Amino acid sequence: MEYLSDFIKFLQSTKNLSKKTLNAYSIDLNQYFKYEKDILHPDICAFISFLHDELKLKDSSIRRKIITLKIFYEYLVNLDLIAITPFAKLKFRFKQEQRLPKTLSVTEVSKMLDCFEKDTDTLSSFAKKIFTRDSALMDLLISTGIRIGEAASITIEDIICSERTLLIHGKGRKQRLIYISSSVTWSRLSTLIKERKKSENRHLFVNRYGEPISINGIENIYKKYVKEANINVRSTPHYLRHTFATNLLANGADLRSVQEILGHASVATTQIYTEVTTNRKKQVLRKFNYRNKL
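In terms of this note's numbering, the sequence shown is residues 20 to 313.
Structure below.
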């Protein structure tokens with residue numbers, strides 16, 4: 020479509036954006052182009068009303084699309100295709116809905132880990148490989164709080180065995196080092212690493228065909244062990260990230276350190292976890308504080 024491909028190429032060459040982000044820009048603009056017939060003389064307010072009233076999109080989704088359009092029209096201004104961006108005199112205000120991150124209880128996480136405390140001697144060689152991968156993958160997500168996309172992209176070259184450290188490739192192509200503090204987690208990873216070093220494919224986590232595992236693949240593995248552990252079936256792998264962060268803060272970790280460990284660009288993103296820990300403290304105090312009964 021007109022302007023779109025050139026705009027995406029412009030972003031690729033000038034911005035440090037991931038493929039996922041670029042794809043999101045493409046989806047937003049394709050939707051906008053289908054609605055707006057005159058791109059150079061748009062009715063932005065009508066489009067926003069369409070998103071809100073017709074498509075019933077959430078404010079967070081509409082806000083993201085506005086950001087996309089702002090960048091796009093700044094691009095058109097720079098090309099002298101339009102004299103001024105239509106957002107020059109437009110301001111949109113949305114309700115700031117603060118959603119607390121959903122977590123698993125420590126008991127639920129423990130039940131999931133129990134799924135990997137089994138004798139593998141009776142398993143076939145193929146089943147043992149799958150079990151070795153699954154136990155290392157799930158324990159890694161629990162122990163580090165990394166995103167499943169980050170886990171999927173780990174290669175053998177990203178592992179510093181002497182330091183028990185992984186190089187994580189995060190959002191916006193930002194890298195960070197994560198230390199594996201749990202000896203059990205590291206033992207499971209080491210077993211998998213030894214197996215993977217024999218393969219030509221350098222990814223740590225692969226599917227049954229030896230190809231790099233996908234995000235959907237990790238989600239399916241998670242669902243498998245959620246069912247086996249008989250815990251919250253509505254949960255997703257991202258619950259493990261939320262659980263990890265919440266418990267770090269609840270146990271006394273400082274906000275800045277948690278931000279760096281999680282790979283958040285802003286400490287404001289990390290700060291929401293403090294609300295969860297406060298709520299839990301309130302629940303504990305209401306239920307267990309002896310003073311309430313005096």
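A virtual CB, placed ideally from N, CA and C, is assigned to each residue, including glycine. Keep in mind it's a predicted model, so treat the numbers as computed, not measured.
List the endpoints of the continuous beta strand (DSSP E) containing residue i.
i, result
"threonine 184", "184 to 188"
State yes or no: is the C-beta of residue i within less than 7 Å of the C-beta of residue j?
i, j, result
"threonine 126", "aspartate 158", "no"
"proline 105", "proline 61", "yes"
"isoleucine 12", "glycine 168", "Nothing in the structure corresponds to residue 12, since the chain is present only between 20 and 313."
"isoleucine 197", "isoleucine 187", "yes"
"leucine 259", "leucine 160", "yes"
"asparagine 35", "glycine 191", "yes"
"leucine 208", "arginine 215", "no"
"threonine 296", "glutamine 278", "no"
"serine 201", "serine 162", "yes"
"isoleucine 81", "leucine 74", "no"
"cysteine 134", "alanine 248", "yes"
"alanine 256", "glutamate 238", "Residue 256 is actually proline in this sequence, not alanine. A contact, by the Cβ cut-off of 7 Å."
Quick check on the DSSP output: the alpha helix (DSSP H) that includes residue i runs from which residue to which?
i, result
"glycine 168", "167 to 171"
"arginine 82", "78 to 97"
"glutamate 136", "Segment: none, glutamate 136 is in no alpha helix (DSSP H) and carries neither H nor E."
"tyrosine 22", "It is not in any alpha helix (DSSP H) - tyrosine 22 carries neither H nor E in the DSSP assignment."
"isoleucine 291", "286 to 307"
"lysine 108", "Note, lysine 108: premise wrong, no alpha helix (DSSP H); not H, not E."
"serine 45", "38 to 54"
"cysteine 64", "63 to 68"
From this set, the options, which residue's C-alpha is nearest residue i's C-alpha?
i, options, result
"leucine 274", "His257, Leu259, Tyr292, Arg260", "Tyr292"
"isoleucine 58", "Glu182, Lys312, Ile103, Leu74", "Ile103"
"lysine 89", "Tyr44, Ser144, Lys56", "Tyr44"
"arginine 195", "Leu185, Tyr244, Ser202", "Leu185"
"tyrosine 241", "Leu74, Arg166, Lys84", "Arg166"
"threonine 174", "Asn220, Leu30, Asp47", "Asn220"
"aspartate 78", "Cys134, Phe111, Glu55, Gln50", "Phe111"
"leucine 156", "Leu100, Ser144, Asn226", "Asn226"
"isoleucine 280", "Gly236, Glu182, Gly164", "Gly164"
"tyrosine 51", "Ile67, Thr40, Ser37, Lys39", "Ile67"
"tyrosine 92", "Asn311, Leu123, Ile250, Asp25", "Asp25"
Report the residue ranges of all beta strand (DSSP E) runs contained in full by the region 186 to 266; include only those spanning at least 3 residues, in chain order. 194 to 198
How about the region 85 to 103 and the region 258 to 278: do they share at least three Cβ pairs that are nearer than 8 Å? no
Please confirm if the region 250 to 265 is in contact with the region 140 to 149, defined as three or more CB-CB distances below 8 Å between the two stretches. no
Can at least three beta-carbon pairs, one atom from the region 127 to 137 and one from the region 297 to 305, be found at a separation below 8 Å? no
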